[in-house]
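Numbering (UniProt numbering), first residue to last: 1 to 90.
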C-alpha cells in the first residue's frame with residue numbers, strides 16, 4: 001500500500017510541475033531556466049546549512065519546493081529544445 005501511495009504522489013507531483021510550467025509559460029512569467037536550475041539547489045542547501053535544527057515539516061516543505069522547481073527546470077528545458085527544433089526546420 002505504501003508503494004502505491006508513493007507512486008501516486010510522485011506522479012501527481014510531476015504532473016503538478018508540468019502544469020505549473022505550462023501555466024507560467026502561458027502567462028509569460030516563466031523565468032530563465034538556468035535561474036530556476038540554480039535555485040533548485042540553493043533553496044534546499046542554504047536553509048539546511050543555516051538552520052541545522054529546523055523542524056522536519058519545514059525541511060519536507062523546502063525539499064518539496066526544490067523538487068517542484070526541478071520539474072519546472074527540466075520541462076522548461078524540454079520546451080526550449082522543441083522551440084529550437086521548430087525554428088531550425090523552417
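Even glycine gets a Cβ: it sits at the ideal position worked out from N, Cα and C. Given the structure is predicted, the values throughout are model-derived calculations rather than measurements.
Helix, strand or coil, according to DSSP, for residue 30 in the structure here? Counting from 1 along the chain shown, the entry for residue 30 is found at position 30. In the structure shown, residue 30 sits in coil (DSSP, three-state: anything other than H, G, I, E or B).
With DSSP run on the structure shown, which of helix, strand or coil describes residue 51? Here the question's residue 51 lines up with position 51 in the chain shown. Residue 51 falls in the coil class under three-state DSSP.
Assign residue 7 to one of three DSSP states: helix, strand, or coil. Walking along the chain shown from the start, residue 7 turns up at place 7. In the structure shown, residue 7 sits in a helix (DSSP, three-state: H, G or I).
Work out the CA separation of residue 41 and residue 96 for me, nearest whole Å. The structure shown does not extend to residue 96, since the chain spans only 1 to 90, so no value can be given for it.
Would you tell me roughly how many angstroms separate the C-alpha atoms of residue 92 and residue 2, rounded to the nearest one? Since the first and last residues shown for the chain are 1 and 90, residue 92 lies out of range.
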